[in-house]
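Here is the structure we will look at, set down as structure tokens.
Dropping the structure here:
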């Protein structure tokens, strides 16, 4: 089995190389009590944090095996991975610049996809992907974020500018599942021709106003440049092929005492894109259009609590509506639950269950892009059950069972049963 990207560095060789470098610098490396695989660097990490310099690094590996159904015969497991290297600089601590901070992230992905290789029927690919770390940025490295933020504490305003992925700050949601149906901003999946999630970044500016500690509103202006999604353009900073902008607007409510007097997060938003060259075309006629739009509502609420803490039952939902003139998907619904700390001996473990429906635009099924009528079902459905087990604070293992109903919204493919394992290592 071949794994491409980032010079085909394997997980084992990466860990070995970094370990050899760090063992001499951290006497608590591999400690089961440490937050990080390589420890606190003899206290240096904590010292740097107190001075405003923070680091975050992790590696995700999604392993999947098509146990039943799908399109192609099963030929073994597939592996997809993402390496994340980030830093946050508090310039107020470092330089005395009040309310100013810098965020930098570099990512690298590599691997294969069970959805692409085994489940999808030619001409009617699965709409979701069973492995969240597979997708854009799957070759070599990318500058995923480089931005600076200024918070005007006394006024409630804040401004962020730089290279940013849209889903980092709009339509955001957790990523406690392996399927893309339940991971990160959903607009990047269902309307990805104009909405670019991380690891893809674009020039952008975001203005946010906080009405109260619990209620805020934000608007962003993101460069729309199709060059950014090309696999060899991960470090592209030019805007030569810019074709308009994408403007998201979002209202965010974070009650500290919501349902059952427990915290929650609620987001209501819309976006508008004015690309007029190649991206926005009528799905019936192929005629070029000069805009596209979508809207969303997300909710994540804690319902129960053990001893007044974070342990307990959580529920989440994500609903989106998309422009029926130009988009293949016209609406999606997602609902699920998580239980944090189901077992007393493992308070950070999490049990998760999610169900997702992706509805195909009726106009698309009747249009020029579906001439062979391969997409002949109304929707694709994705179901995932998982359990995230923290062996140590820096090592998470997540066994996964996924079931895909009507993959690609076509009757040419059997429903697919996928068995998987997500591994996360925090360095």
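Residue numbers (UniProt numbering): 1 to 427.
Built from N, CA and C at the ideal position, the CB exists for glycine as well.
Inset, instruction - Grab me the residues of residue 22's own chain with a C-beta within less than 7 Å of its C-beta, minus the 5 sequence neighbours each way, in chain order. - result: Model confidence at residue 22 stands at a pLDDT of 43, short of 50, so the residue's coordinates are unreliable and nothing is read from them.
Inset, instruction - Taking residue 200 and residue 165 to be in contact with their CB atoms under 8 Å, please state how far apart those CB atoms are, rounded to whole angstroms. - result: Correct: roughly 6 Å between the Cβ atoms.
Legend entry - Endpoints, the beta strand (DSSP E) within which residue 250 is located: Residues 245-253.
Legend entry - Where the beta strand (DSSP E) containing residue 147 begins and where it ends: Taken as a continuous stretch (DSSP letters only), the beta strand (DSSP E) holding residue 147 covers 141-152.
Legend entry - Buried or exposed by the 16-neighbour rule on C-beta atoms within 10 Å, applied to residue 71: Buried is the label assigned to residue 71, since at least 16 other Cβ atoms lie within 10 Å of its Cβ.
Inset, instruction - Report buried or exposed for residue 290, applying the criterion of at least 16 other Cβ atoms within 10 angstroms of its Cβ. - result: Exposed, because fewer than 16 other Cβ atoms sit within 10 Å of the Cβ of residue 290.
Inset, instruction - Note down the Cα distance separating residue 392 from residue 76, rounded to an integer number of angstroms. - result: In this structure, the straight-line span from the alpha carbon of residue 392 to that of residue 76 is close to 29 Å.
Legend entry - Residue burial classification, residue 429 (beta-carbon count within 10 angstroms, cutoff 16): As shown, the chain starts at 1 and ends at 427. That puts residue 429 outside it, with no answer to give.
Legend entry - Minimum length 4: unbroken alpha helix (DSSP H) runs contained in the region 88-148: Counting only runs of 4 or more, we get 91-95.
Legend entry - Three-state secondary structure (DSSP) of residue 213: Residue 213 falls in the coil class under three-state DSSP.
Inset, instruction - Decide yes or no for the touch test of the region 250-263 against the region 273-286: beta carbon pairs closer than 8 Å, at least 3 of them. - result: They do not touch, by the three-pair rule.
Legend entry - With 16 other Cβ atoms within 10 Å as the buried cut-off, status of residue 184: Residue 184 comes out buried.
Inset, instruction - Have a look at 414, 394, 399, 400 and flag the residue whose alpha-carbon is nearest the alpha-carbon of residue 56. - result: With distances taken between Cα atoms, residue 56 lies closest to 394.
Inset, instruction - Check whether the Cβ of residue 203 lies closer than 7 Å to any heavy atom of the ligand FAD, and answer yes or no. - result: The ligand FAD is absent from the structure shown, which contains no ligands of any kind.
Inset, instruction - Would you mind stating whether residue 335 and residue 355 have Cβ atoms separated by less than 8 Å? - result: If you check the CB distance, residue 335 and residue 355 come in under 8 Å.
Inset, instruction - Please name the residue, chosen from 312, 238, 423, 182, that lies closest to residue 384 on a Cα-to-Cα basis. - result: Residue 384 has its Cα closest to that of 182, out of 312, 238, 423, 182.
Legend entry - Best match in 388, 316, 324 for proximity to residue 343 [C-alpha to C-alpha]: Closest by alpha carbon: 388.
Legend entry - Span of the alpha helix (DSSP H), counted from its first residue to its last, around residue 461: Residue 461 lies beyond the range of the chain shown here (1 to 427); nothing can be said about it.
Legend entry - Backbone secondary structure at residue 23 - three-state DSSP: With a pLDDT of 43 at residue 23, under the threshold of 50, the modelled position of this residue cannot be trusted; read the value that follows with caution. Correct three-state label for residue 23: coil.
Legend entry - Within 8 Å, strictly: CB atoms of residue 131 and residue 62: Contact: yes.
Inset, instruction - Pick helix, strand or coil for residue 375, following the three-state DSSP scheme. - result: Of the three classes helix, strand and coil, the one that applies to residue 375 here is coil, per DSSP.
Legend entry - Per DSSP, cross-strand counterpart(s) of residue 495: Here the chain covers residues 1 to 427 and nothing more, so residue 495 does not appear.
Inset, instruction - Determine contact between the region 93-107 and the region 139-155, defined as no fewer than three beta-carbon pairs at a distance below 8 Å. - result: The answer is yes - the region 139-155 touches the region 93-107, with three or more Cβ pairs under 8 Å.
Legend entry - Host beta strand (DSSP E) of residue 267 (start-end): Its beta strand (DSSP E) spans residues 264-273.
Inset, instruction - Could you tell me the distance, in whole angstroms, from the CA atom of residue 369 to the CA atom of residue 315? - result: Distance between the alpha carbons of residue 369 and residue 315: 37 Å.
Inset, instruction - Report the three-state DSSP secondary structure of residue 305 (helix, strand or coil). - result: If DSSP states are grouped into helix, strand and coil, residue 305 belongs with coil.
Legend entry - Local conformation of residue 167 per DSSP, three classes: Judged by DSSP in its simplified three-state form, residue 167 adopts helix.
Legend entry - the region 120-138 contacting the region 397-408, beta-carbon criterion three pairs below 8 Å: Counting Cβ pairs under 8 Å, three or more are found: they touch.
Legend entry - Nearest-angstrom Cα separation, counted from residue 304 out to residue 145: Approximately 35 Å between the Cα atoms of the pair.
Legend entry - Helix, strand or coil at residue 321 [DSSP, three-state]: The answer is strand: DSSP assigns residue 321 an E or B state.
Legend entry - Three-way DSSP call (helix, strand, coil) for residue 31 in this model: Three-state DSSP puts residue 31 in coil, outside helix and strand.
Legend entry - residue 44 - containing beta strand (DSSP E), residue span: First-last for residue 44: 44-50, but that is the alpha helix (DSSP H), not the beta strand (DSSP E).
Legend entry - Beta-ladder partner(s) of residue 158, from DSSP: Secondary-structure assignment with DSSP links residue 158 through a beta bridge to 151, 208.
Legend entry - residue 211 versus residue 114: straight-line alpha-carbon distance, rounded: The C-alpha of residue 211 lies about 45 Å from the C-alpha of residue 114.
Legend entry - Through-space distance from residue 161 to residue 97, alpha-carbon basis: It is roughly 16 Å from the alpha-carbon of residue 97 to the alpha-carbon of residue 161.
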